[in-house]
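So the protein lines, in turn, are chains A and B. According to the working numbering, the first sequence is numbered sequentially starting from 2. According to the working numbering, the second sequence is numbered sequentially starting from 47. Report on the structure given below.
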Amino acid sequence: MDPKVAALIDKYRGYEGGLVPLLQEAQDLKGYLPREVLEQIAGGMHTSLAKVYGVATFYSQFHLKPRGKNIIRVCQGTACHVRGGTEIMARFEKELGVGSGETTPDLNFTLESVACIGACGLAPVITVNDDTHGRLTPDKIPGILEQYQERGGKQ
Amino acid sequence: MMPNRILICGGTGCISSHSRPVMDRLEKELQQANLDQEYQIIFTGCQGFCEQGPIIIVEKDSTFYCRVDPDQVPAIVQDHLKAGRPVEELLYTNPDTGITARTRDEVVFFQKQKRLVLHNCGLIDPENIDEYIARGGYKALEKALAADPLQIIEMIKKSGLRGRGGGGFPAGIKWETARNAAGKHKYVVCNADEGDPGAFMDRSIMEGDPHAVLEGMLIAGFAIGAQEGYIYIRAEYPLAVRRLLAAIRQAEEKGFIGDKILGSGFGFRIRVKQGAGAFVCGEETALIESIQGNRGMPRPRPPFPAIKGVWDMPTNVNNVETLANIPVILGMGAGEYAKIGTQQSKGTKIFALTGKINNTGLAEVPMGITLREIIYDIGGGIKDGKKFKAVQIGGPSGGCIPAEHLDVAIDYDSLISLGAMMGSGGLVVMDEETCMVDVARFFLTFTRTESCGKCTPCREGTKRLLEILERIVEGKGEKRDLETLERLGRNIIDSSLCGLGQSAPNPILSTLRYFRSEYELHIEQKVCPAGVCKALKHYRVIPEKCKACGLCKQECPVGAITGEKKAPHVIDPAKCAKCGECVKKCPFEAIVHG
Chain A
2 MDPKVAALID KYRGYEGGLV PLLQEAQDLK GYLPREVLEQ IAGGMHTSLA KVYGVATFYS
62 QFHLKPRGKN IIRVCQGTAC HVRGGTEIMA RFEKELGVGS GETTPDLNFT LESVACIGAC
122 GLAPVITVND DTHGRLTPDK IPGILEQYQE RGGKQ
Chain B
47 MMPNRILICG GTGCISSHSR PVMDRLEKEL QQANLDQEYQ IIFTGCQGFC EQGPIIIVEK
107 DSTFYCRVDP DQVPAIVQDH LKAGRPVEEL LYTNPDTGIT ARTRDEVVFF QKQKRLVLHN
167 CGLIDPENID EYIARGGYKA LEKALAADPL QIIEMIKKSG LRGRGGGGFP AGIKWETARN
227 AAGKHKYVVC NADEGDPGAF MDRSIMEGDP HAVLEGMLIA GFAIGAQEGY IYIRAEYPLA
287 VRRLLAAIRQ AEEKGFIGDK ILGSGFGFRI RVKQGAGAFV CGEETALIES IQGNRGMPRP
347 RPPFPAIKGV WDMPTNVNNV ETLANIPVIL GMGAGEYAKI GTQQSKGTKI FALTGKINNT
407 GLAEVPMGIT LREIIYDIGG GIKDGKKFKA VQIGGPSGGC IPAEHLDVAI DYDSLISLGA
467 MMGSGGLVVM DEETCMVDVA RFFLTFTRTE SCGKCTPCRE GTKRLLEILE RIVEGKGEKR
527 DLETLERLGR NIIDSSLCGL GQSAPNPILS TLRYFRSEYE LHIEQKVCPA GVCKALKHYR
587 VIPEKCKACG LCKQECPVGA ITGEKKAPHV IDPAKCAKCG ECVKKCPFEA IVHG
């Protein structure tokens, strides 16, 4: 039993509709939601593991597997698509050697696609952690990766 | 003495174009020049002219600077602020006319707009409530609290305001239904789950003028008799979340939110609920499920949320832009507001201009404007002088409109008759190099992934539609596919549970309506006229143009090009990986695809 998770459960028990924010905060602690945490939440919130698992798997924000220190999200929105978003994704896959939705073996990068981050004016665009990088071309990608490799984690 | 203000755009677009380093540099330069007492830097919300970011406005003479780099900041301080000579190279020059604009009002992008809802965006510090109040903020709430709730509802009905989130349902009638519904507790929900790819007007309002949204919610709460409000916002909008939370805190401190607001008997609380990444939660019943901590799956309507919503209590769900219109209506009066727009669609609409257009950004225009005015006058026309092909309106629920309808006055109803819909107001411009079959496939990939899986027509239907489209772009389409697409599409529209399924086939049906021949070329001749669909691309060398320089041969990563010196080269289609590198390298434009 993780005491930090237990404290979160105490905070949200009795708070109607608290399961989603509880899962969000639990994930912030761990970076992902391992089975033990889901079990602890189900027990603490007096609900079934099936219900907790159901909610955790419904929303794309929740992850049941460990993730990289840096999260790269490549926008696949309409505007990015027509301005070459597909090639941006292909280049990331090539540079990192993993596909979309996967994490590099050194747990440095997780590569994901995102439907739209609403910065269409800068298409094609990606986010790395909380930073946005816009007006990209495939050739700018190695440089971007290098920036985060050096820092080796979230800033 | 009040310091002069310098406005730096702090919308997500400009921040991505590095407006923060520009601000830091300006701070430093002002200090060094001993001007930091005289000038105050304000980090504003979105100006809307995202293409030209970062944007700076020097308020004392309204100078409008764009694409400012930190290294150009010293020039602004030394030449402009100190010596009174504006920095010419940072002014906006219209690429069509060559005319340079000194102020924002002289920029064509802003001239055709009617900024009612966005009137504060870019001109105030969104994290300072005093700036909102100084520009007339919370006056509408004061006015509302002095009136009878029924009068307010009448006013909204009379204004003709329709829901800006997509459906276009009359807001006043929604409010009236929630007011009349029985329930000891009532809720106002602000739908800020802006999920359409290509739409960011709601984000910009929340980032640039968060109090306008809160004020709209408070007035709605007073009118329907609610005590509590939720803002359901995408977790992908961290800056908007931060600014809303700050705005709520400040409004509580000033007594605009809380018990006995402004000395009246009305009390109201607002909470922010962050989504967790599910497009379907923009649908109001799914959103309510998500607020309650469940899987965000829609349920049948009726009962409508106005009767049975959050915790089964009467709930009024309005979109961000709709709510931001409320203080505007109370401010100018319903009669004046109703003079703007068309017979059936009143007021303004904010469109997000994206795609192959010169001026990407956000534009607020009166209903009834033509697409041509938006795309060519405000948007500055098509990028790189290419030819306009279609504009996609309304995101995954909308449709593509071709050139022949560019002069239609747009409102909710005209768009539906054209096979598209207002949706949230995303406007993606496409040029001759866009393949319409690929566009339809793109949207179906989106809706298929985002379909929640609760009802069969949407879950299975979108998958089948997508499979057919994928076959077509791979060159394996069959003649009867088009009929199947149309029949299946109509069935999904008729039988899906919620708006997601009911509109998912629109991108296919509208492209089939206007660009059927493009589908037929893909199927019958295995050709993609726009040259997008890779499987249908065939590269070849035009022998008359080839000078046998050998550059393409060197560049080809798979060794598909052969040719002797002084003899035209040849591409082996069996080896060709269709990467297009040879086309880029050829100095004589001798390699083509089709």
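Beta carbons are placed, not taken as given, at the ideal position from N, Cα and C, and that holds for glycine. If you're wondering where the values come from, they're calculated on a predicted model, not measured in any experiment.
Report the rounded CA-to-CA distance for residue i versus residue j, giving the unit in angstroms.
i	j	result
Leu34 (chain A)	His47 (chain A)	18 Å
Cys81 (chain A)	Ala124 (chain A)	5 Å
Leu76 (chain B)	Ile88 (chain B)	13 Å
Arg341 (chain B)	Ile142 (chain A)	36 Å
Val6 (chain A)	Val38 (chain A)	7 Å
Val433 (chain B)	Thr495 (chain B)	A small fix is needed here, since residue 433 (chain B) is Lys in this sequence, not Val. Lys433 (chain B) and Thr495 (chain B): Cα-Cα distance of roughly 32 Å.
Ser443 (chain B)	Phe634 (chain B)	43 Å
Glu524 (chain B)	Leu558 (chain B)	15 Å
Phe492 (chain B)	Cys446 (chain B)	16 Å
Ala217 (chain B)	Ser463 (chain B)	22 Å
Asn140 (chain B)	Asp430 (chain B)	14 Å
Pro139 (chain A)	Cys96 (chain B)	22 Å
Leu108 (chain A)	Arg68 (chain A)	7 Å
Lys155 (chain A)	Val129 (chain A)	With a pLDDT of 41 at Lys155 (chain A), under the threshold of 50, the predicted position of this residue should be treated as unreliable, though the coordinate-derived value follows. Their backbone Cα atoms lie some 9 Å apart in a straight line.
Gly153 (chain A)	Val287 (chain B)	For Gly153 (chain A), the predicted structure reports a pLDDT of 48, less than 50, and the residue's modelled location is therefore unreliable. The matter cannot be settled from this model.
Gly56 (chain B)	Met69 (chain B)	9 Å
Leu24 (chain A)	Thr58 (chain A)	11 Å
Gly5 (chain B)	Lys621 (chain B)	Because chain B in this structure spans residues 47 to 640, residue 5 (chain B) falls outside the shown range and cannot be described.
Asp171 (chain B)	Gly91 (chain B)	7 Å
Leu191 (chain B)	Phe350 (chain B)	27 Å
In chain A, what lies closer than 7 Å to residue i by C-beta?
i	result
Pro243 (chain B)	Gly78, Thr79, Ala116 and Cys117
Could you name the residues of chain A that residue i contacts, counting a contact when the two beta carbons are closer than 8 Å?
i	result
Val366 (chain B)	Within 8 Å Cβ-Cβ: nothing; Val366 (chain B) doesn't reach chain A, min ~12 Å.
Thr400 (chain B)	Thr79, Ala80, Cys121, Gly122 and Ala124
Phe561 (chain B)	By Cβ distance, chain A contributes nothing, its closest Cβ being about 15 Å from Phe561 (chain B), past 8 Å.
Phe215 (chain B)	Going along chain A, no residue has its Cβ under 8 Å from Phe215 (chain B), so there is no contact; the nearest lies around 24 Å.
Checking the sheet assignment: what are the DSSP bridge partners for residue i?
i	result
Cys236 (chain B)	B:Ile277 and B:Asn364
Asn71 (chain A)	A:Phe110
Lys319 (chain B)	B:Tyr278
Cys446 (chain B)	B:Gln438
Ile607 (chain B)	B:Ile617
Glu662 (chain B)	There is no way to answer for residue 662 (chain B), as the model of chain B reaches only from 47 to 640.
Ile637 (chain B)	B:Val587
Closer than 7 Å by beta-carbon distance: list the chain B residues that pair up with residue i, in chain order.
i	result
His82 (chain A)	Phe488
Leu20 (chain A)	Gly339
Ser61 (chain A)	Gly323 and Ala324
Gly55 (chain A)	Arg341
By alpha-carbon positions, which one of the options ends up nearest to residue i?
i	options	result
Gln148 (chain A)	A:Gln28, A:Thr104 and A:Phe110	A:Phe110
Ser205 (chain B)	B:Cys446, B:Gly393 and B:Phe492	B:Gly393
Lys185 (chain B)	B:Gly130, B:Ser556, B:His257 and B:Gly499	B:His257
Leu461 (chain B)	B:Leu528, B:Arg225, B:Gly212 and B:Ala384	B:Gly212
Ala455 (chain B)	B:Thr416, B:Asp430 and B:Lys354	B:Thr416
Arg181 (chain B)	B:Asn166, B:Pro195 and B:Leu191	B:Asn166
Val578 (chain B)	B:Cys481, B:Glu520, B:Lys522 and B:Ser549	B:Cys481
Arg148 (chain B)	B:Ile102, B:Cys327 and B:Asn404	B:Ile102
Tyr13 (chain A)	A:Ala116, A:Ala43 and A:Ile72	A:Ala43
Val638 (chain B)	B:Ile179, B:Ser108, B:Cys598 and B:Ala613	B:Cys598
Ile421 (chain B)	B:Gly311, B:Asp477, B:Tyr383 and B:Ile372	B:Asp477
Leu546 (chain B)	B:Pro284, B:Gly507 and B:Val616	B:Gly507
Give the interface partners of residue i over in chain B, defined as CB-CB distance under 8 Å, in chain order.
i	result
Tyr33 (chain A)	In chain order: nothing, as chain B lies at least about 14 Å away.
Glu17 (chain A)	Gln338, Gly339 and Trp357
Asp131 (chain A)	Pro284
Gln25 (chain A)	Ala281, Gln320 and Ala322
By the criterion of Cβ-Cβ separation under 9 Å, what are the contact partners of residue i in chain A?
i	result
Phe493 (chain B)	A small fix is needed here, since residue 493 (chain B) is Thr in this sequence, not Phe. Neighbours of Thr493 (chain B) on chain A: none; closest Cβ ~10 Å, over 9 Å.
Gly262 (chain B)	What Gly262 (chain B) touches in chain A: nothing, since even the nearest Cβ is about 21 Å away.
Thr406 (chain B)	Ala80, Cys121, Gly122, Leu123 and Ala124
Cβ-based contacts, 8 Å cut-off: residues of the region 124–154 of chain B near chain A: none
Which of the residues in the region 413–438 of chain B, read from start to end, lie with their CB under 8 Å from any CB of chain A? Gln438
Output, in sequence order along the chain, the residues in the region 134–146 of chain A whose CB is closer than 9 Å to any CB in chain B. His134, Gly135 and Arg136
Mind listing which residues of the region 53–84 of chain B have their C-beta closer than 8 Å to chain A's C-betas, in chain order? Thr58, Gly59, Ile61, Ser62 and Ser63
Residues in the region 326–349 of chain B having any Cβ partner in chain A nearer than 9 Å: Cys327, Ser336, Ile337, Gln338, Gly339, Asn340, Arg341, Gly342 and Met343
Which residues, in order along the region 92–124 of chain A, keep a beta-carbon less than 8 Å from a beta-carbon of chain B? Val115, Ala116, Cys117, Ile118, Gly119, Ala120, Cys121, Gly122, Leu123 and Ala124
Below 9 Å between beta carbons is the criterion; list the residues of the region 463–482 of chain B that meet it against any residue of chain A, in chain order. Gly472, Val474, Val475, Met476, Asp477, Glu479 and Thr480
Please name the residues in the region 292–322 of chain B whose beta-carbon is closer than 9 Å to at least one beta-carbon of chain A, in chain order. Lys319, Gln320, Gly321 and Ala322
Which residues, taken in chain order from the region 531–555 of chain B, show a beta carbon closer than 9 Å to some beta carbon of chain A? none
Compile a chain-ordered list of the residues in the region 84–110 of chain B whose CB is closer than 7 Å to at least one CB of chain A. From the region 84–110 of chain B, only Cys96 and Glu97 have a Cβ closer than 7 Å to chain A.
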